[in-house]
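Enquirer:
2 protein chains.
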Amino acid sequence: MNDFNIIAEEGKARRGVLQTLHGKINTPAFMPVGTAGTVKGIFTDDLIKTGSEILLGNTYHLMLRPGSSEVKKFGGLHKFMNWDKPILTDSGGYQVFSLSKLRQISEEGVNFKSHIDGKNIFLSPETSMDIQTNLNSDIVMTFDECTPFPAEYQEAKSSMEMSMRWAERCHKYFYNINKNKLFGIVQGSTYEDLRKNSCEILTNLDFDGYAVGGLAVGEPQDQMFEVLDYTVPALPTEKPHYLMGVGKPDDIIGSVSRGIDMFDCVLPTRSGRNGQAFTKNGPINIRNSKFKKLDEPIDKNSTNPICRDYSAGYIHHLFNAKEMLGGMLLSLHNIYFYQDLMRDIRNAIENKTFKDFTEEFLVNYKS
Amino acid sequence: MNDFNIIAEEGKARRGVLQTLHGKINTPAFMPVGTAGTVKGIFTDDLIKTGSEILLGNTYHLMLRPGSSEVKKFGGLHKFMNWDKPILTDSGGYQVFSLSKLRQISEEGVNFKSHIDGKNIFLSPETSMDIQTNLNSDIVMTFDECTPFPAEYQEAKSSMEMSMRWAERCHKYFYNINKNKLFGIVQGSTYEDLRKNSCEILTNLDFDGYAVGGLAVGEPQDQMFEVLDYTVPALPTEKPHYLMGVGKPDDIIGSVSRGIDMFDCVLPTRSGRNGQAFTKNGPINIRNSKFKKLDEPIDKNSTNPICRDYSAGYIHHLFNAKEMLGGMLLSLHNIYFYQDLMRDIRNAIENKTFKDFTEEFLVNYKS
Numbered sequence: 001m002n003d004f005n006i007i008a009e010e011g012k013a014r015r016g017v018l019q020t021l022h023g024k025i026n027t028p029a030f031m032p033v034g035t036a037g038t039v040k041g042i043f044t045d046d047l048i049k050t051g052s053e054i055l056l057g058n059t060y061h062l063m064l065r066p067g068s069s070e071v072k073k074f075g076g077l078h079k080f081m082n083w084d085k086p087i088l089t090d091s092g093g094y095q096v097f098s099l100s101k102l103r104q105i106s107e108e109g110v111n112f113k114s115h116i117d118g119k120n121i122f123l124s125p126e127t128s129m130d131i132q133t134n135l136n137s138d139i140v141m142t143f144d145e146c147t148p149f150p151a152e153y154q155e156a157k158s159s160m161e162m163s164m165r166w167a168e169r170c171h172k173y174f175y176n177i178n179k180n181k182l183f184g185i186v187q188g189s190t191y192e193d194l195r196k197n198s199c200e201i202l203t204n205l206d207f208d209g210y211a212v213g214g215l216a217v218g219e220p221q222d223q224m225f226e227v228l229d230y231t232v233p234a235l236p237t238e239k240p241h242y243l244m245g246v247g248k249p250d251d252i253i254g255s256v257s258r259g260i261d262m263f264d265c266v267l268p269t270r271s272g273r274n275g276q277a278f279t280k281n282g283p284i285n286i287r288n289s290k291f292k293k294l295d296e297p298i299d300k301n302s303t304n305p306i307c308r309d310y311s312a313g314y315i316h317h318l319f320n321a322k323e324m325l326g327g328m329l330l331s332l333h334n335i336y337f338y339q340d341l342m343r344d345i346r347n348a349i350e351n352k353t354f355k356d357f358t359e360e361f362l363v364n365y366k367s
Numbered sequence: 001m002n003d004f005n006i007i008a009e010e011g012k013a014r015r016g017v018l019q020t021l022h023g024k025i026n027t028p029a030f031m032p033v034g035t036a037g038t039v040k041g042i043f044t045d046d047l048i049k050t051g052s053e054i055l056l057g058n059t060y061h062l063m064l065r066p067g068s069s070e071v072k073k074f075g076g077l078h079k080f081m082n083w084d085k086p087i088l089t090d091s092g093g094y095q096v097f098s099l100s101k102l103r104q105i106s107e108e109g110v111n112f113k114s115h116i117d118g119k120n121i122f123l124s125p126e127t128s129m130d131i132q133t134n135l136n137s138d139i140v141m142t143f144d145e146c147t148p149f150p151a152e153y154q155e156a157k158s159s160m161e162m163s164m165r166w167a168e169r170c171h172k173y174f175y176n177i178n179k180n181k182l183f184g185i186v187q188g189s190t191y192e193d194l195r196k197n198s199c200e201i202l203t204n205l206d207f208d209g210y211a212v213g214g215l216a217v218g219e220p221q222d223q224m225f226e227v228l229d230y231t232v233p234a235l236p237t238e239k240p241h242y243l244m245g246v247g248k249p250d251d252i253i254g255s256v257s258r259g260i261d262m263f264d265c266v267l268p269t270r271s272g273r274n275g276q277a278f279t280k281n282g283p284i285n286i287r288n289s290k291f292k293k294l295d296e297p298i299d300k301n302s303t304n305p306i307c308r309d310y311s312a313g314y315i316h317h318l319f320n321a322k323e324m325l326g327g328m329l330l331s332l333h334n335i336y337f338y339q340d341l342m343r344d345i346r347n348a349i350e351n352k353t354f355k356d357f358t359e360e361f362l363v364n365y366k367s
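Taken in order, these protein sequences are the chains called A and B. When the letters of the first sequence are read in order and numbered with my numbering, they come out as residues 1 to 367. When the letters of the second sequence are read in order and numbered with my numbering, they come out as residues 1 to 367.
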């Protein structure tokens, strides 16, 4: 069953609505990242006010602490963290490869040591499905191997092919235990034939949605766009397309124009905690002394509550005094910025003005 | 002009309303502490929802960073920090004596080095009035010397007498430059005759309110109550009585019963950041492993939004994972607890049930 409806299109850009058991998601959508059961420094009530309709939870972090069985006992991740809208969980794969120690990869899965307490843990396609089912995720991601970047052709090919075998195992296991959605993840590094082969394998399996993985790993933007240029057209048009871990505002706009519907990234919250604020003219660093005496909002073009109620000078002071409210305000400001951007993108596609919107945005935005 | 109206009394306990240019304060009142222009980890919108009607700003912290002239350029402390309700500022004296280095005290004032950058700063009764005027504080405190505890009689006497001469200088200077309120501070350590002498001097000067200073500095509760027993009756009954830096819930209840109307303390926010939550049965430490699996609120007797929306187990997880949301939630919970306590106290005095309320509260509350 396809719960994704495309209600407007302009070029390859799509304006859609994805239905889940916890409500609908207007796409193109940005998902704030709630690593360990919390979008860092933001109350869920405030997150709703930003227009966020879905957030991402990290399987790896939650399986280690407090444990997915524990979360299940609390009624699942939604109840645990007081968020009753949709949740997408990643598969744990990316963090196993980026955070954990002493990994042993086999066809069966990955043995690794927890980065928290060194405990031995085994993660496989099947256990990842079990964990994400315990979390009661609305959108479950297949468990895949994170191909290093850059990768030689043979390395990328072997890695993609194992991920596809794992995707098949996920598919086979998931639909017997879970009524939510499962998304497959395209791999294949920067090789067109591998990406297309991966798309074909996943499409034949038939998932509820398709993610492009293995990007946002350090490659330049034009290389990322090049991969999207040949990958997205090889995916079923009627299903949602999710670009994992992306990205900067201009990455998002360029990816929407290439047919991507969903995004997640830690950038707005992580940079907010570090004093970076997004504006329509590009990011600013609030610690810069030029903001010390500025009795104006961070972004005069914004009407979000942070810009309405607080001056740049005050937030500069909070960072200068190492007050946690500074990171709280900028994290929230940045999520507002991202969700306002997504709303503008959606409106522009509906009004067939997305091309003009893109040009105007990129003229003003200095990344 | 007296803007303080006592609308109910029970024994020495008073239920009043204090009018300021930024609105009214229902007493007995608890003032959250907004040290450096922020109540740590709490949005001002959320602070209002707790029932907080006034907060305390620290002259010492704000004069050093960002500087009181800077705050004035932002329209005063209310506008700077996005809080349009009343603000009381302390005089800076306490922090000069507890935080700064290389103090030189003379009749004229105090020379000290900033604990932030070592800069030489001079603070006197007159400069403290200027700074608090720049901040646009609704209730300004006189500049006094913080008498060490314990203090020998002669030391306490000399210190109190200098504070009284400084209070006179504050009084003389303040009313020429400021239309807000000035409170005098009673000193005299634990010596009845010194306290009474201090009350008499301040009463003759005639302030808008009177604070009891030099308590909550490490003395046992019964000694604090003993001082209040002979000090509060020596103050004008028609003016508000403020006990500085107090305290624990049972300190507050015992002090209200001795005629105190206003309180401030960092305890709810500081202990919240450290994982301590107040409940009607006493404080709990959320890090305790007994809360790990508890799918119930911190305080089953409370209806505040934190207890309504979050389990003890979730907040335990947040502290375990070092997530800043943990400190945010418990700080807010504790401010709710304090403001609920103050509301219960006010209702009890209005209903002449304060004595019963006190007995019942203290039976359940294990401090």
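Where is the CB? At the ideal position from N, CA and C, for every residue including glycine.
1. Please return the same chain residues whose Cβ sits closer than 6 angstroms to the Cβ of I131(B), not counting the five positions on each side in sequence.
2. Contact defined as beta carbons within less than 8 angstroms: I believe A277(B) pairs with N204(B). What is the distance between those atoms, to the nearest angstrom?
3. Just to confirm, is the Cβ distance from P268(B) to P32(B) under 8 angstroms?
4. Measure the C-alpha to C-alpha separation of V217(B) and L182(B) and round it to an integer number of angstroms.
5. In the DSSP assignment, the beta strand (DSSP E) including V39(B) goes from what residue to what residue?
6. Name, going along the chain, the residues of the segment 294 to 313 of chain B whose beta-carbon falls closer than 9 angstroms to a beta-carbon of chain A.
7. Measuring only the C-alpha atoms, how far is D261(B) from Y242(B)?
8. Measure from the C-beta of A36(B) to each C-beta in chain A and report whether the shortest distance is under 8 angstroms.
9. With 16 as the cutoff for other CB atoms within 10 Å, does R258(A) come out buried or exposed?
10. Give the straight-line distance between the Cα atoms of A13(A) and Q221(A), rounded to the nearest whole angstrom.
11. Between the segment 71 to 87 of chain B and chain A, which residues of the former have CB atoms less than 8 angstroms from a CB of the latter, in chain order?
12. By the 10 Å Cβ neighbour count, where 16 or more other Cβ atoms means buried, how is Q187(B) classified, buried or exposed?
13. Please look up how many angstroms separate the CB atoms of F4(B) and E238(B), rounded, as I've assumed it's under 8 angstroms.
14. Contact check, K292(B) vs G313(B) under 8 angstroms by CB: the rounded distance?
15. For Y336(A), count neighbouring Cβ atoms within 10 angstroms of its own Cβ and tell me buried if that reaches 16, exposed if not.
16. Give me the chain B residues within the contact set of M324(A), using Cβ-Cβ distance strictly less than 7 angstroms, ordered along the chain.
17. Count Cβ pairs between the segment 153 to 172 of chain B and the segment 112 to 132 of chain B that sit closer than 8 angstroms; are there 3 or more?
18. Taking DSSP as the reference, what is the three-state secondary structure of N304(A)?
19. Counting contacts by CB-CB distance shorter than 8 angstroms, is H317(B) in contact with chain A?
20. Does DSSP put L88(B) in a helix, a strand or coil?
21. Let's see if you can read the secondary structure: which residues bound the alpha helix (DSSP H) around Y314(A)?
22. According to the Cβ coordinates, are D250(A) and L362(A) closer than 8 angstroms?
23. How would you call T303(A), buried or exposed, if buried means at least 16 neighbouring beta carbons within 10 angstroms?
24. Quickly, what does DSSP pair K101(A) with across the bridge? List them, please.
25. Can you give me, in chain order, the residues of the segment 42 to 66 of chain B that have a beta carbon less than 9 angstroms from any beta carbon in chain A?
26. Round the Cβ separation of S311(B) and F74(A) to the nearest angstrom and send it over; I've been treating them as touching at under 8 angstroms.
27. Report yes or no: do three or more beta-carbon pairs, one from the segment 133 to 148 of chain A and one from the segment 90 to 99 of chain A, lie closer than 8 angstroms?
28. Return helix, strand or coil for L294(A), following the three-state DSSP convention.
29. Rounded to whole angstroms, what is the Cα-Cα separation between A8(A) and I201(A)?
30. Given a limit of 9 angstroms on CB to CB distance, which residues of the segment 272 to 286 of chain A reach chain B?
31. If you reduce the DSSP assignment to three classes, tell me which class T237(B) lands in.
32. Identify which residue in Q154(A), T38(A), F112(A) and G16(A) has its Cα closest to the Cα of H316(B).
33. What are the boundary residues of the beta strand (DSSP E) that includes L135(A)?
34. Please name the residue in E161(B), F122(B), E155(B) and C199(B) whose C-alpha comes closest to that of V110(B).
35. At a CB-CB cut-off below 8 angstroms, which residues of chain A make contact with N197(B)?
36. Distance, Cα to Cα, K366(B) vs I284(B)?
Expert: For this structure:
1. So the qualifying residues of the chain are T59, M63 and S68.
2. That belief does not hold up - the Cβ atoms of A277(B) and N204(B) are roughly 45 angstroms apart, past 8 angstroms.
3. For P268(B) and P32(B), yes; Cβs fall inside 8 angstroms.
4. Taking the straight line joining both Cα atoms gives about 23 angstroms.
5. Note, V39(B): premise wrong, no beta strand (DSSP E); not H, not E.
6. Within the segment 294 to 313 of chain B, the residues whose Cβ lies closer than 9 angstroms to some Cβ of chain A are D295, P305, D309, Y310, S311 and G313, listed in chain order.
7. Approximately 6 angstroms, taken between the alpha carbons.
8. It does; some Cβ of chain A falls within 8 angstroms.
9. Buried.
10. So the alpha carbons of these two residues sit roughly 18 angstroms apart.
11. Shown in chain order are the members of the segment 71 to 87 of chain B whose Cβ falls below 8 angstroms from a Cβ of chain A: K73, F74, G75, F80, M81 and N82.
12. Buried.
13. About 7 angstroms separates the Cβ atoms of F4(B) and E238(B), confirming a contact at the 8 angstroms cut-off.
14. Yes, K292(B) and G313(B) are in contact; Cβ-Cβ is about 6 angstroms, under 8 angstroms.
15. A residue is called buried when at least 16 other Cβ atoms come within 10 angstroms of its Cβ; Y336(A) meets this threshold and is buried.
16. Annotation: Cβ neighbours of M324(A) in chain B (cutoff 7 angstroms, chain order): K40, G41 and M324.
17. Judged by Cβ distances under 8 angstroms, the segment 153 to 172 of chain B makes contact with the segment 112 to 132 of chain B, as three or more pairs qualify.
18. If DSSP states are grouped into helix, strand and coil, N304(A) belongs with coil.
19. By this cut-off, H317(B) is an interface position.
20. DSSP places L88(B) in strand when its eight states are reduced to three.
21. Element bounds for Y314(A): A312 to N320.
22. Cβ distance < 8 angstroms, so D250(A) and L362(A) count as in contact.
23. Per the 10 Å Cβ criterion, exposed.
24. K113(A).
25. From the segment 42 to 66 of chain B, only I42, F43, T44, D45, D46, H61, R65 and P66 have a Cβ closer than 9 angstroms to chain A.
26. Cβ atoms of S311(B) and F74(A) come within 8 angstroms of each other, at about 6 angstroms.
27. Yes, the segment 133 to 148 of chain A is in contact with the segment 90 to 99 of chain A.
28. Of the three classes helix, strand and coil, the one that applies to L294(A) here is coil, per DSSP.
29. When rounded, the separation of the alpha-carbon atoms in A8(A) and I201(A) is 28 angstroms.
30. Those residues of the segment 272 to 286 of chain A placed with their C-beta closer than 9 angstroms to a C-beta in chain B are R273, ordered along the chain.
31. T237(B): coil per DSSP, three-state reduction.
32. Nearest C-alpha to H316(B): T38(A).
33. Unbroken run through L135(A) is the alpha helix (DSSP H), P125 to L135; no beta strand (DSSP E).
34. Nearest option by C-alpha distance: F122(B).
35. Result: empty, since nearest Cβ-Cβ is about 39 angstroms, beyond 8 angstroms.
36. Between K366(B) and I284(B), the C-alpha separation is close to 10 angstroms.
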